[in-house]
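Residues 10 to 93 in my numbering are what the sequence shown spells out, letter by letter.
Since the structure comes first, as structure tokens, the remarks are kept for the end.
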Amino acid sequence: MSLDQPIGRLTRMDAIQQQHMALGQQQRIAQERQQTEAALERIAQDRYGLCVRCVNEIPYERLKVRPTTTLCLDCQGTLEKIKR
Numbered sequence: 010m011s012l013d014q015p016i017g018r019l020t021r022m023d024a025i026q027q028q029h030m031a032l033g034q035q036q037r038i039a040q041e042r043q044q045t046e047a048a049l050e051r052i053a054q055d056r057y058g059l060c061v062r063c064v065n066e067i068p069y070e071r072l073k074v075r076p077t078t079t080l081c082l083d084c085q086g087t088l089e090k091i092k093r
């Protein structure tokens, strides 16, 4: 901290940073909730565990790690290649 920098400015900067972090956390929580609700809907429709792209079964081990996943590893890999 520079001695010539006012304390009030640092406090405002810290508050802004904390606000941005809190907003990011709220967005992540909302996204997780949406993904969970979508997974519950797929369970109700007896489509849970099926890839939404190719309709093949998503391996149990993948679902165990990411229960809200909607893609099998092959389709996830293809999607990631397209995004690059």
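All residues carry an ideal CB built from backbone N, CA and C; glycine is no exception.
Rounded distance between the beta-carbons of residue j and residue i, thought under 8 Å
{"i": "G58", "j": "E66", "result": "6 Å"}
Cα-Cα separation, residue i to residue j
{"i": "K90", "j": "C84", "result": "10 Å"}
{"i": "M10", "j": "M22", "result": "Annotation note: pLDDT 46 at M10 (below 50); position unreliable, coordinate value reported separately. Going from the Cα of M10 to the Cα of M22 covers about 13 Å."}
{"i": "E50", "j": "T77", "result": "11 Å"}
{"i": "Q72", "j": "A47", "result": "This sequence places Leu at residue 72; Gln is not what is there. Their backbone Cα atoms lie some 14 Å apart in a straight line."}
{"i": "P68", "j": "Q35", "result": "30 Å"}
{"i": "M30", "j": "R93", "result": "27 Å"}
{"i": "Q44", "j": "Q28", "result": "24 Å"}
{"i": "L32", "j": "L19", "result": "20 Å"}
{"i": "I52", "j": "A24", "result": "42 Å"}
{"i": "C63", "j": "L82", "result": "11 Å"}
{"i": "E41", "j": "R75", "result": "11 Å"}
Contact under 8 Å by Cβ, residue i with residue j
{"i": "L79", "j": "V61", "result": "Note on identity: in this sequence residue 79 is Thr, with Leu being the wrong assignment. Contact: yes."}
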